[in-house]
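Chains as they are written, first to last, in our numbering: chain A, 43 to 324; chain B, 32 to 283; chain C, 49 to 337. Note that CB positions come from ideal geometry on N, CA and C, so glycine has one too. Remember, it's a predicted structure, so these values are computed and weren't measured experimentally. Read the structure below first, then the notes.
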Amino acid sequence: MNRAKLRQNIAFTVLGLITLLVVVPILLVLYYVIRHGWNAITWEFLTAAPRNGMKEGGIYPAIVGTVLLITGTMAFSLPLGILSAIYLVEYARDTLFTRLIKLSVVNLSGIPSIVYGLFGFTLFVVFMRMGASILAGSLTLAIMSLPVIITATKEALEAVPMVYREISLSLGATRWQTVRSCVLPYAIPGILTGTVLSLSRAAGETAPILFTVAAFYLPRLPRSMFDQVMALPYHLYVISTQVPNVPEKFSFGTGLVLIALVCLMNLVSIILRAHFRKKKQW
Amino acid sequence: MVEQNAIIKTINLNCFYDNLQVLRDINIEVYRNEILGIIGPANSGKTTFLRALNRLNSLNINYRQKGVIVFEGQNTQDIPDSLIRRKIGIIFAMPQVLPVSIYENIAYGPKVHGIRDKHRVEQLVEESLKKAFVWDELKDRLKTPATKLSGGQQQRLCIARTLAIEPDVILYDEPCSGLDPISTAKVEDTMSLLAQSYTQILVTNNTKQASRVSHRCAFFLMGELVEVDQTRKMYTHPSDPRTDDYITGKFG
Amino acid sequence: MRNKFGERVIETAIRFSGFAIIAFVILIFLFLLKDSLSLFRVYSFKRFILEQKWLPISEPPTFGIVPLITGSLLVTVGAIVICVPVGVATALYIAEIAPGYLKTILKSLIEVLASIPSVVLGFIGIIWLGPFVKNTFHLSTGMCGLTSVFLLAFMALPTIISISEDALVGVPRMYKEAAYGLGATHWQTLWRIVLPAASSGIMAAVMLGIGRVIGETMVVMMVTGNAPIMPKSILQPLRTLTATIAGEMGETVSGSDHYYALFAVGLILFIITFVLNFTAEVFLRKGRR
Numbered sequence: 043m044n045r046a047k048l049r050q051n052i053a054f055t056v057l058g059l060i061t062l063l064v065v066v067p068i069l070l071v072l073y074y075v076i077r078h079g080w081n082a083i084t085w086e087f088l089t090a091a092p093r094n095g096m097k098e099g100g101i102y103p104a105i106v107g108t109v110l111l112i113t114g115t116m117a118f119s120l121p122l123g124i125l126s127a128i129y130l131v132e133y134a135r136d137t138l139f140t141r142l143i144k145l146s147v148v149n150l151s152g153i154p155s156i157v158y159g160l161f162g163f164t165l166f167v168v169f170m171r172m173g174a175s176i177l178a179g180s181l182t183l184a185i186m187s188l189p190v191i192i193t194a195t196k197e198a199l200e201a202v203p204m205v206y207r208e209i210s211l212s213l214g215a216t217r218w219q220t221v222r223s224c225v226l227p228y229a230i231p232g233i234l235t236g237t238v239l240s241l242s243r244a245a246g247e248t249a250p251i252l253f254t255v256a257a258f259y260l261p262r263l264p265r266s267m268f269d270q271v272m273a274l275p276y277h278l279y280v281i282s283t284q285v286p287n288v289p290e291k292f293s294f295g296t297g298l299v300l301i302a303l304v305c306l307m308n309l310v311s312i313i314l315r316a317h318f319r320k321k322k323q324w
Numbered sequence: 032m033v034e035q036n037a038i039i040k041t042i043n044l045n046c047f048y049d050n051l052q053v054l055r056d057i058n059i060e061v062y063r064n065e066i067l068g069i070i071g072p073a074n075s076g077k078t079t080f081l082r083a084l085n086r087l088n089s090l091n092i093n094y095r096q097k098g099v100i101v102f103e104g105q106n107t108q109d110i111p112d113s114l115i116r117r118k119i120g121i122i123f124a125m126p127q128v129l130p131v132s133i134y135e136n137i138a139y140g141p142k143v144h145g146i147r148d149k150h151r152v153e154q155l156v157e158e159s160l161k162k163a164f165v166w167d168e169l170k171d172r173l174k175t176p177a178t179k180l181s182g183g184q185q186q187r188l189c190i191a192r193t194l195a196i197e198p199d200v201i202l203y204d205e206p207c208s209g210l211d212p213i214s215t216a217k218v219e220d221t222m223s224l225l226a227q228s229y230t231q232i233l234v235t236n237n238t239k240q241a242s243r244v245s246h247r248c249a250f251f252l253m254g255e256l257v258e259v260d261q262t263r264k265m266y267t268h269p270s271d272p273r274t275d276d277y278i279t280g281k282f283g
Numbered sequence: 049m050r051n052k053f054g055e056r057v058i059e060t061a062i063r064f065s066g067f068a069i070i071a072f073v074i075l076i077f078l079f080l081l082k083d084s085l086s087l088f089r090v091y092s093f094k095r096f097i098l099e100q101k102w103l104p105i106s107e108p109p110t111f112g113i114v115p116l117i118t119g120s121l122l123v124t125v126g127a128i129v130i131c132v133p134v135g136v137a138t139a140l141y142i143a144e145i146a147p148g149y150l151k152t153i154l155k156s157l158i159e160v161l162a163s164i165p166s167v168v169l170g171f172i173g174i175i176w177l178g179p180f181v182k183n184t185f186h187l188s189t190g191m192c193g194l195t196s197v198f199l200l201a202f203m204a205l206p207t208i209i210s211i212s213e214d215a216l217v218g219v220p221r222m223y224k225e226a227a228y229g230l231g232a233t234h235w236q237t238l239w240r241i242v243l244p245a246a247s248s249g250i251m252a253a254v255m256l257g258i259g260r261v262i263g264e265t266m267v268v269m270m271v272t273g274n275a276p277i278m279p280k281s282i283l284q285p286l287r288t289l290t291a292t293i294a295g296e297m298g299e300t301v302s303g304s305d306h307y308y309a310l311f312a313v314g315l316i317l318f319i320i321t322f323v324l325n326f327t328a329e330v331f332l333r334k335g336r337r
């Protein structure tokens with residue numbers, strides 16, 4: 043018995059150490075980016091366009107570009123994702139069609155981001171003649187974000203007790219009235235959480251926007267949806283690999299702003315989740 | 032009672048879950064303004080029968096049904112789900128309230144049926160609560176969440192909620208199984224008073240309750256309708272020995 | 049009446065959305081296939097699959113995918129060898145050993161890692177991990193397979209940890225209680241009962257982890273050195289499928305053979321990840337049952 047206990051202690055210690063091995067690099071990366079990036083963050087850095095071959099100035103157009111892309115992505119993926127999840131949970135029976143949709147969601151979630159980039163390029167940029175533009179980039183990112191939104195919405199809908207639907211239907215409400223009044227209101231927290239999470243992923247993606255929207259150097263703001271824009275992740279890629287002699291602190295600063303943006307979105311989703319959980323009545 | 036007085040009639044009703052047959056050739060008539068008790072041991076198909084009447088069974092994707100259900104002389108197959116469920120309301124076994132206020136619970140039905148006038152909705156809520164005899168208890172707390180009420184109050188709230196959609200028939204699926212004796216008595220009183228203007232069907236495991244409340248009674252056993260008769264007659268001179276055995280507690 | 053009409057519209061939209069999801073997958077496949085076929089019309093599929101050289105701008109060009117697949121395979125195997133044991137161990141620790149508050153902290157940290165954009169990790173690889181690898185292994189350059197292996201393993205951890213943890217938590221309590229009842233220690237229970245019971249979920253985690261690694265683009269493009277040659281070891285610069293597309297797409301002429309060749313590479317990636325995800329789904333279903 044003592045030996046078993048000893049073996050357990052050793053095993054647990056090893057597991058703890060491995061976990062530490064995972065945690066420490068995460069903290070190191072964060073620390074490293076924050077410490078070096080902090081020096082770069084000035085008012086000018088955040089609000090000015092890059093100058094002198096990106097060796098001076100700021101990253102304002104890239105920040106605006108990323109925010110625009112997130113907004114565009116949300117506009118396309120949110121309705122489509124939520125509606126198709128509603129279809130799967132509330133309307134679909136176990137038919138071939140439904141199984142095909144589920145298989146498609148699984149498949150979409152696995153497609154590499156660069157393949158989305160290729161697809162977005164041939165379909166939106168070339169075939170539909172949008173050119174490299176905010177519209178094409180947003181559509182590409184939107185399709186990429188769909189699986190996460192659908193999965194999160196599905197889980198949120200499935201978590202709503204079945205009896206709410208029964209009550210509503212038994213009172214003579216139609217399917218859609220039931221979904222709208224007795225299901226969706228209780229699923230919204232889960233939907234929001236999943237959505238914000240998927241958008242934060244989209245914000246950090248580089249590969250899908252490489253050929254669909256991202257501008258190498260465009261020190262002005264876009265005029266329409268058909269303009270190219272700079273974007274934070276691509277800008278970081280450019281100044282750290284493509285342009286020689288950009289001060290390192292610019293790269294760190296860009297990375298820090300990008301991480302801050304993504305973490306801010308995650309934080310929003312965490313707060314939303316906590317807020318709604320407190321109000322939960324069932 | 033005469034044929035014309037049947038409000039609901041089933042003809043060779045057969046119900047299945049996957050390949051499991053839970054109801055076999057049910058032929059029964061429900062008369063206007065009666066309280067029909069349905070008794071029988073567990074798994075005899077009582078609840079399935081009840082939920083077949085307002086088509087709640089079809090929510091289960093494995094459910095299949097054969098035969099005809101006639102409501103007011105019309106094959107229910109030709110009536111949309113939402114309309115048949117509005118005409119035939121149901122009270123579930125455990126009190127099931129929506130996690131909103133008492134008022135909103137009752138107003139929900141009228142609202143989905145397109146009553147937009149706020150005044151009319153308020154009026155309906157009040158009428159329904161009065162008809163279910165809970166108005167006096169609840170009138171000052173209409174804004175409180177329905178989940179805060181006791182089980183008995185919740186169940187009578189559910190009755191009021193069903194009354195608010197102005198149905199012709201009310202189904203009860205073991206409505207008192209989660210309630211204490213005093214709440215049970217209140218629900219039973221309510222049913223008796225509603226009998227003046229509604230047709231009611233009561234599924235219950237409690238043979239005593241059926242004998243107290245119902246005018247006629249149907250005995251279901253293993254998916255078959257054994258007999259249906261005046262309650263008083265069935266409890267004193269049942270025509271089938273199995274009914275006698277069940278009522279006197281030999282099994283069940 | 050207006051209400052009915054609105055309802056009809058929204059229900060049509062709902063059905064249409066379901067249909068759109070299928071349509072996207074088919075569209076992605078068809079568009080990749082269409083452009084890939086343009087290559088295979090002038091350059092045989094057999095040569096594409098078997099040729100050992102990727103020389104897209106030589107005259108005549110050679111589009112042999114073997115060195116790229118080898119590159120992808122090398123870094124994937126390397127990363128999986130590291131991150132599966134580490135990830136499963138961490139999942140065990142989080143699911144079964146860590147006390148409540150620590151569990152929350154660890155899980156949020158893993159979520160933070162999941163949300164760090166890959167381009168940031170690539171940058172860290174360039175300025176910190178690359179030189180570190182170079183000095184440690186006395187290499188001529190730190191921009192090589194090994195550097196990306198470390199980063200990819202790191203990036204795949206959240207996938208592996210969260211899915212394994214779900215599988216571990218999903219093991220029925222009864223199993224554990226039965227083991228405790230027979231006098232097993234906590235560790236014996238974990239090792240002999242919980243871990244085997246969660247094995248399909250963990251297999252799914254591994255599949256999805258592989259998919260995550262093989263599809264990663266920015267990190268490998270930034271730190272592998274991007275040499276499209278047959279890699280002899282993981283310590284050399286190499287090139288993956290993904291980095292090839294990302295790196296060369298900008299330089300090709302639309303409609304050239306080179307352009308179509310990149311779509312063919314995309315098609316191969318699409319098929320690989322499809323198979324991986326499908327297998328993972330099968331494992332997940334099995335685990336749920």
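Chain C within 7 angstroms of residue i, Cβ atoms only
{"i": "leucine 70 of chain A", "result": "no"}
{"i": "alanine 53 of chain A", "result": "yes"}
Distance CB(residue i)-CB(residue j) smaller than 7 angstroms
{"i": "leucine 183 of chain A", "j": "valine 167 of chain C", "result": "no"}
{"i": "alanine 244 of chain A", "j": "serine 293 of chain A", "result": "no"}
{"i": "isoleucine 158 of chain C", "j": "isoleucine 209 of chain C", "result": "yes"}
{"i": "leucine 187 of chain C", "j": "leucine 283 of chain C", "result": "yes"}
{"i": "glutamate 258 of chain B", "j": "serine 270 of chain B", "result": "yes"}
{"i": "leucine 169 of chain C", "j": "valine 267 of chain C", "result": "yes"}
{"i": "leucine 233 of chain B", "j": "serine 75 of chain B", "result": "no"}
{"i": "glycine 119 of chain C", "j": "glutamine 100 of chain C", "result": "no"}
{"i": "threonine 137 of chain B", "j": "valine 165 of chain B", "result": "For clarity, residue 137 of chain B is isoleucine in the given sequence; the question names threonine instead. Not closer than 7 angstroms, so no."}
{"i": "isoleucine 176 of chain A", "j": "valine 271 of chain A", "result": "yes"}
Simplified DSSP state of residue i, which is helix, strand or coil
{"i": "arginine 272 of chain C", "result": "Looking at the sequence provided, one finds threonine at residue 272 of chain C rather than arginine. Reduced to three states, the DSSP call for threonine 272 of chain C is coil."}
{"i": "alanine 249 of chain B", "result": "strand"}
{"i": "glutamine 108 of chain B", "result": "helix"}
{"i": "asparagine 50 of chain B", "result": "coil"}
{"i": "valine 64 of chain A", "result": "helix"}
{"i": "threonine 110 of chain C", "result": "strand"}
{"i": "phenylalanine 318 of chain A", "result": "helix"}
{"i": "glutamate 34 of chain B", "result": "Per-residue confidence for glutamate 34 of chain B stands at a pLDDT of 46, beneath the threshold of 50, marking its modelled position as unreliable; the derived number appears in the next sentence. Glutamate 34 of chain B falls in the helix class under three-state DSSP."}
{"i": "leucine 44 of chain B", "result": "strand"}
{"i": "lysine 101 of chain C", "result": "coil"}
{"i": "serine 84 of chain C", "result": "helix"}
Closer than 8 angstroms at the beta carbon, the chain C residues around residue i
{"i": "serine 126 of chain A", "result": "Ile62, Ser65, Gly66, Ala68, Ile69"}
Closer than 7 angstroms to chain A by CB, residue i
{"i": "tyrosine 48 of chain B", "result": "no"}
{"i": "tyrosine 149 of chain C", "result": "no"}
{"i": "arginine 116 of chain B", "result": "yes"}
{"i": "isoleucine 196 of chain B", "result": "yes"}
{"i": "leucine 163 of chain C", "result": "A small fix is needed here, since residue 163 of chain C is serine in this sequence, not leucine. Closer than 7 angstroms: yes."}
Neighbouring residues, chain A, relative to residue i (Cβ below 9 angstroms)
{"i": "valine 143 of chain B", "result": "Ser210, Leu213, Gly214, Ala215, Thr216, Gln219, Thr220, Ser223"}
{"i": "glycine 120 of chain B", "result": "Ser212, Leu213, Gly214"}
Neighbour list for residue i in chain A, Cβ cutoff strictly below 8 angstroms
{"i": "isoleucine 92 of chain B", "result": "Arg135, Asp136"}
Within-7 angstroms CB hit, residue i to chain B
{"i": "valine 205 of chain A", "result": "yes"}
{"i": "leucine 160 of chain A", "result": "no"}
Residues that residue i contacts on chain C, provided the C-beta gap is smaller than 7 angstroms
{"i": "isoleucine 143 of chain A", "result": "Gly66, Ile69, Ile70"}
(message) For the stretch 227 to 234 of chain A against the stretch 251 to 261 of chain A, do three or more pairs of beta-carbon atoms, one drawn from each stretch, fall closer than 8 angstroms, so that the two count as touching?
(response) Put simply, the stretch 227 to 234 of chain A does not touch the stretch 251 to 261 of chain A. Fewer than three CB pairs are less than 8 angstroms apart.
(request) State whether the stretch 112 to 132 of chain B contacts the stretch 196 to 213 of chain B, with contact taken as three or more CB pairs (one from each stretch) at a distance under 8 angstroms. (result) Cβ pair count under 8 angstroms is three or more, so yes.
(request) Flag this pair as touching only if the stretch 137 to 146 of chain A and the stretch 77 to 96 of chain A have three or more C-beta atom pairs under 8 angstroms; answer yes or no. (result) A contact is defined here as three or more CB-CB pairs under 8 angstroms, and the stretch 137 to 146 of chain A fails this definition with respect to the stretch 77 to 96 of chain A.
(message) Count Cβ pairs between the stretch 72 to 86 of chain C and the stretch 306 to 314 of chain C that sit closer than 8 angstroms; are there 3 or more?
(response) Verdict: yes, contact present.
(request) Decide if the stretch 155 to 168 of chain A is in contact with the stretch 96 to 112 of chain A; the criterion is three or more beta carbon pairs, one per stretch, under 8 angstroms apart. (result) Contact between the stretch 155 to 168 of chain A and the stretch 96 to 112 of chain A is absent: fewer than three C-beta pairs spanning the two stretches fall below 8 angstroms.
(message) Any contact between the stretch 267 to 281 of chain C and the stretch 183 to 202 of chain C? By contact I mean 3 or more CB pairs, one from each, below 8 angstroms.
(response) Result yes; three or more Cβ-Cβ pairs closer than 8 angstroms.
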